[in-house]
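Residue numbers for the sequence shown follow the working numbering, beginning at 145 and rising by one.
Backbone N, C-alpha and C define an ideal beta-carbon position, used for all residues, glycine too.
It should be emphasised that the depicted structure is a prediction, and the values quoted were computed from it without experimental measurement.
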Amino acid sequence: MIEFRAVTKRFGDGTVAVDNFDLVIPSRKITVFVGSSGSGKTTLLRMINRMVDLSQGDIEIDGDSIMRKEPVALRRSIGYVMQNSGLLPHFKVIDNVTTVPMLNGVPKKLARAQALELLDTVGLSRTLADRYPSQLSGGQQQRVGVARGLAADPNILLMDEPFGAVDPIVRAELQQETIRLQHELDKTIVFVTHDIDEAFLLGDQVVILEKGARIAQVGSPNEIMANPASEFVANFIGTDRGKRALTLKKTAAGTILVDSEGRGAGVLVGGSGHE
């Protein structure tokens, strides 16, 4: 469990990015921070591994304050995946994945064997192990980035808009891979996005943020869609428009769900609980 306790972050120019923030992030679930630019979501994420230090308050991981941990050791114990993969361009795939384990003292032979297994886990062929990042597609680079984030077998994986730079088809594949990996590996994942659809797809817990990291609402996707806490939330998630404002429409072919502009959006499946 990760717990933010009255966390504040002031930058040198006086900007308050986060003000008196409290939140509990449950273990072995996906929690998504979602908000527009300036909502403090990336700052919150980076405070967990002390890439950004707190000005006030505390963050605890399983009851232990991160401020009592040496920053480099803390970062090596937490997986981190960023947009554009962040791979070292002069390192081969296998060497990118083994970087943190070897820094932690894992013998090279063992680290490489584990890295090859991780390539399997993230859906990459082992034949890519000796390629350089520039020889991979964007989707392949992001998968390597995920493998590197998992290489030290962390309990926590931080993901900072990791799929924002890939095309929609690859993005959809990577989103499904993230869900699969969380189910298989049982990690605590903290994910940052500006896309509410991505947040609702991935998140067990979704945290909608306003400017300055003020929590507009926190809950499961179903809870938030069913009961938006404010007009801001309703507007942000689009309950009053677009594909979330669905109604039943009878047609010659049968009854379908249509959006606010009358376009077909799906069918209502009775009895299964799924749409």
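- About 12 Å separates the beta carbon of ALA257 from that of MET246, a gap too long to meet the 8 Å contact definition.
- The bridge partners DSSP lists for ARG154 are VAL160.
- In this structure, ARG172 and THR332 form a Cβ contact; the two beta carbons are roughly 6 Å apart against a cut-off of 8 Å.
- The C-alpha of ASP239 is placed about 15 Å away from the C-alpha of SER269.
- Counted as a single uninterrupted DSSP element, the stretch harbouring LEU401 is not any alpha helix (DSSP H) but the beta strand (DSSP E) occupying residues 398-402.
- The beta carbon of HIS234 lies closer than 8 Å to those of TYR276 in the same chain, with the five residues before and after it left out.
- Three or more beta-carbon pairs separated by less than 8 Å link the segment 218-227 to the segment 290-300, which places the two stretches in contact.
- Assigned with DSSP and collapsed to three states, LYS252 falls in helix.
- The DSSP assignment places complete beta strand (DSSP E) segments of no fewer than 3 residues inside the segment 258-339 at 300-304 and 332-337, in order along the chain.
- Looking at the DSSP output, ARG149 shares a beta bridge with ASP202.
- For GLY182, the secondary structure class from DSSP, reduced to helix, strand or coil, is coil.
- It is roughly 16 Å from the alpha-carbon of ARG154 to the alpha-carbon of ILE203.
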